[in-house]
Amino acid sequence: MGKYMLEVNELTTKYITRQGEDVYSVDHVSLKIEEGKSLGIAGESGCGKSTLALSLMGYYFAPLHYTSGEIIIDGKDITGLDPDVVRKTVLGSEVAYIPQAAMNALNPTRKVIKFIEDVMKAHEIKMTKKEIREFAEQRFRQVNLPVDALDKHSVELSGGMRQRVVIAISTILNPKVLIADEPSSALDVTSQKVVIKMMKDMMEMGLVRSMIFITHELPLLYNVTDDIMVMYAGQIVERGSAKEMVFDPVHPYSRGLMKSILVPEDGTRDVKLTAIPGTPPNLKRPPAGCRFADRCRYATANCRYSGIPIEEFAPGRTYRCLMPVEQLKEVYASEDQQ
Amino acid sequence: MKTSNDRIIGQEIVDDRESVTFGANRDKDFSQEPMCLSGRGVTRVFRTGRITTVAVDHVDFDFHKGELISIVGESGSGKTTLSKMLLGLLEPTDGHIFFHDKLRDISSGHKRRQYWKGIQAIFQDPFSSYNQFHKIDSVLLDCINMRGGKSLPKDQKIEMMTEACSFVNLKFAELTNKYPFELSGGQMQRLMIARIFLLKPDILLADEPTSMIDACSRATILDMLLNLRNETGMTVIFITHDIGLAYYISDSVYIMEHGKFVESGPADKVILDPQAPYTKRLISDVPKIHEAWDLSTVG
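Sequence order for the protein chains is A and B. FYI, in my numbering the residues of the first sequence are 8 to 345. FYI, in my numbering the residues of the second sequence are 1446 to 1744.
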């Protein structure tokens, strides 16, 4: 077993609204990622995926606030550090974060090389401009990006290229954890494939030592990550290997998600898509019991009574439900037969 | 619509049983149905200074009554330009569009409005589809008025609006007096479908209606479009870049590249046995579940 690149224990963060209300968007999340492994996070809009990504960096700014829990990156606890220290010593070098629509982050009046110089300067790395250029050229060659892109402005690059450039810039300091939040959702399928290939190559070359990949496109997660974790209303509801999660989900919510997969393959047309009814709960007043109970067709009175702990039922597989795994599987099997 | 399986969840009534109409009209041969919209040599050229861009290049198409057609292509392939021409928002530079076997005539404002009674659209961005100063009631009332129901008694209008909302699993009583921005993206898009349900046009053009909605709500929207087609027999033209989605929903698929249709035919044939190299590439670029995703083809 490799060593853990990222260990998160019971991390809880909240948003404080202008009215002073607390919104618990990440609630006691624990996860571990080994070196060289990738973890996918799935869930519908508003279930806390992006907030979790932000919280994992240890860099909090209003309205997001840290409440409790710890984040350990490669053995180093980064919780409770001063924001300035986090910015200089953690962001970029330990954790790199690619937000949604990252490609729009490039200032159109500056050349790509300038952004790389900025990264070096912000981390107080003593390198001359010439050294930085040599370093950048070497990195661009390594990840199959054209070296002349360094002297271009972002508007001269296509969408897919811009996204790849952003990824190359944000990982220039070889981060231990790369957090990619929907890195390819704004791209068409061909550019998406190129971006994904680049990220996988970077993992293989060891430029990035572990990865968290967030998206609601499950076929993509299935093909990119080793493990998949499903989030619902700020909590983890299930985790397992990509294959187990897609073909053998246990939690009713995960199963609902997997039923919404659409791929151009034989058989897609014959299966009726089933949507999960209803909407996620309001996290200002999260339900006392299972957060999914209102939308779950198997929910009983017990589910609403008190919080449900997350349980490990097989090596590497956890779920958050009162119903035993065997019972859930039986119900699913009989449903599938109908 | 309300059945014993409906449960009240949060703010909405939700029907969590499979709809009975799914599967109806699947694998039906639409070529015998009357023609709804067709085009011959439809072309659109944009000129800026000396630069000429042929956005849509001599395309032919036949859309039959009750058929669900997908037009699939990447960004910049001309899908949106074609859809604008179909809607009559943009004049073709060359070629002809036939509506119910007659040459389409939208030369005057009156004729154009008449045409729009027959063709309606749902756009990609539900957030910009509504006038934020108008309440939801007025959005739906406009549709009743447009169908000539202006003089109907108020009760009947409310009944019609309630029926339309329940068709898309929304509750009219809770929507009345609300503004569009108080709804979620998925709800807005469903309200758009409720509009179409009231208007009952011959053709619905849906331009990427699910691309801004997450995968879970997507299923709801798609099933509602299928139900709409099955219940009202309207022709649905679905424009998308997602080939998996197109395969699920449509009877016929048109693949578009650089303004031309490179391949068209029944969904099963085009997706499972693609002939054109572009279609093959498009399908191979999509991550799949049962087949391996070959990343080595990336240059």
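Idealized CB from N, CA, C, for every residue including glycine.
- Item | Beta-carbon contacts of Ala300 (chain A) that lie in its chain and below 8 Å, excluding the five residues immediately before and after | Taken in chain order, the residues that qualify are Pro294, Ala306, Cys310, Arg311.
- Query: Quick one: Cα of Pro271 (chain A) to Cα of Asp277 (chain A), how far?
  - Reply: Spanning the two alpha carbons is a distance of roughly 12 Å.
- Message: Run through chain B and tell me which residues come within less than 7 Å of Lys204 (chain A), C-beta to C-beta.
- Response: Within 7 Å Cβ-Cβ: Leu1740, Val1743.
- Query: At least one CB of chain B closer than 8 Å to the CB of Arg117 (chain A): is that the case?
  - Reply: It does not: the Cβ of Arg117 (chain A) has no partner Cβ on chain B nearer than 8 Å.
- Task: Note down, in chain order, every chain B residue with its Cβ under 9 Å from the Cβ of Ile268 (chain A).
- Result: Within chain B, the residues near Ile268 (chain A) are Ala1660, Gly1689, Ile1734.
- Message: Which residues in chain A have a C-beta closer than 8 Å to the C-beta of Thr1665 (chain B)? List them in chain order.
- Response: Chain A residues near Thr1665 (chain B): Ala282.
- Message: Along the segment 207 to 229 of chain A, where does the CB come closer than 8 Å to a CB of chain B? Name the residues.
- Response: Answer in chain order: Lys207, His223, Glu224, Leu225, Pro226, Leu227, Tyr229.
- Same chain, Cβ closer than 6 Å to Leu1535 (chain B), five either side skipped, listed in chain order: The residues are Lys1529.
- Write down every uninterrupted run of the alpha helix (DSSP H) in the segment 96 to 155 of chain A whose length is 4 residues or greater and which is fully enclosed by it, in chain order. Listed in chain order, they are 119 to 129, 136 to 149.
- Task: Check whether the Cβ atoms of Lys250 (chain A) and Ser217 (chain A) sit closer than 8 Å, and answer yes or no.
- Result: Not closer than 8 Å, so no.
- Where does Ile1458 (chain B) sit, in a helix, a strand or coil, going by DSSP? Caution is warranted here: a pLDDT of 37 is assigned to Ile1458 (chain B), below 50, making its placement in the model unreliable, and the coordinate value is therefore given only provisionally. Ile1458 (chain B) falls in the strand class under three-state DSSP.
- Task: Please report the residue range of the beta strand (DSSP E) in which Ile23 (chain A) lies.
- Result: Unbroken beta strand (DSSP E) run through Ile23 (chain A): 11 to 23.
- Item | Run of the beta strand (DSSP E) containing His72 (chain A), from where it starts to where it stops | Membership of His72 (chain A) in the beta strand (DSSP E) is indicated by the continuous run 71 to 80.
- Task: Under the assumption that Gly1540 (chain B) contacts Val1487 (chain B) (Cβ atoms under 8 Å), give the Cβ distance between them as a whole number of angstroms.
- Result: Here Gly1540 (chain B) really is in contact with Val1487 (chain B); their C-beta atoms are around 4 Å apart, less than 8 Å.
- Query: Of the residues B:Pro1571, B:Met1679, B:Val1698, B:Ile1666, which one's Cα is nearest the Cα of Lys1562 (chain B)?
  - Reply: The option with the nearest alpha carbon to Lys1562 (chain B) is B:Met1679.
- Item | Proximal residues to Arg1549 (chain B) (C-beta, below 6 Å), its chain only, five neighbours per side dropped | Same-chain partners within the cutoff: Ile1542.
- Find out if the Cβ-Cβ distance for the pair Ile1682 (chain B), Leu1727 (chain B) is shorter than 8 Å. No, the Cβ-Cβ distance between Ile1682 (chain B) and Leu1727 (chain B) is not below 8 Å.
- Query: Could you give the distance in angstroms between the alpha-carbon of Gly1484 (chain B) and the alpha-carbon of Ile105 (chain A)?
  - Reply: Each residue's alpha carbon lies about 45 Å from the other.
- Message: Can you confirm whether the segment 1713 to 1728 of chain B touches the segment 240 to 258 of chain A when touching is taken to mean that 3 or more C-beta pairs between the two stretches lie within less than 8 Å?
- Response: Taking a cut-off of 8 Å for Cβ pairs, the segment 240 to 258 of chain A and the segment 1713 to 1728 of chain B do not touch, as fewer than three such pairs fall below it.
- Where Thr1466 (chain B) and Tyr1699 (chain B) are concerned, what is the direct C-alpha to C-alpha distance, given to the nearest angstrom? The predicted model places Thr1466 (chain B) with a pLDDT of 46, which falls under 50 and marks its position as unreliable, so this point remains unresolved.
- Query: For Pro1711 (chain B), which residues does DSSP report across the bridge?
  - Reply: Answer is B:Ser1697, bridged to Pro1711 (chain B).
- Among residues of its own chain, excluding the 5 on either side of Ser1522 (chain B), which ones have a beta-carbon nearer than 8 Å to its beta-carbon? For Ser1522 (chain B), the CB contacts under 8 Å within the same chain, skipping 5 residues up- and downstream, are Met1701, Glu1702, His1703, Gly1704 in chain order.
- To the nearest angstrom, report how far apart Ile40 (chain A) and Met206 (chain A) are at their CA atoms. C-alpha separation (whole angstroms): 17 Å.
- Item | Whether Ala1609 (chain B) touches Ala1639 (chain B) by CB criterion (8 Å) | Cβ distance < 8 Å, so Ala1609 (chain B) and Ala1639 (chain B) count as in contact.
- Task: Output yes if chain A places a C-beta closer than 8 Å to the C-beta of Asp1730 (chain B); else output no.
- Result: Yes, its Cβ sits closer than 8 Å to a Cβ of chain A.
- Query: Quick one: what does DSSP say Met1657 (chain B) is sitting in, helix, strand or coil?
  - Reply: Residue state, collapsed to three classes: coil.
- Task: List the DSSP bridge partners of Val36 (chain A).
- Result: DSSP lists A:Leu18 as partners of Val36 (chain A).
- Message: Considering only DSSP beta bridges, list what Gly1484 (chain B) is partnered with.
- Response: Paired residues: B:Phe1506, B:Ile1542.
- Sequence-distant residues of its chain with Cβ nearer than 7 Å to Ile1453 (chain B) (five each side left out): At Ile1453 (chain B), the pLDDT of 35 sits below 50, so the modelled position is not reliable and the matter cannot be decided from this model.
- State the DSSP-derived secondary structure class of Gly53 (chain A), mapped to helix, strand or coil. Three-state result, Gly53 (chain A): coil.
- Item | 8 Å Cβ cutoff met for Asp1696 (chain B) and Ala1721 (chain B) | 8 Å or more divides the Cβ of Asp1696 (chain B) from the Cβ of Ala1721 (chain B).
- Query: Thinking C-alpha only, which one of A:Arg146, A:Thr116, A:Gly99 is nearest Met127 (chain A)?
  - Reply: Restricting attention to A:Arg146, A:Thr116, A:Gly99, the CA atom closest to the CA of Met127 (chain A) is found in A:Gly99.
- Cβ atoms of Thr1526 (chain B) and Asp1582 (chain B): under 8 Å apart, would you say? Taking 8 Å as the Cβ cut-off, Asp1582 (chain B) and Thr1526 (chain B) do not qualify as a contacting pair.
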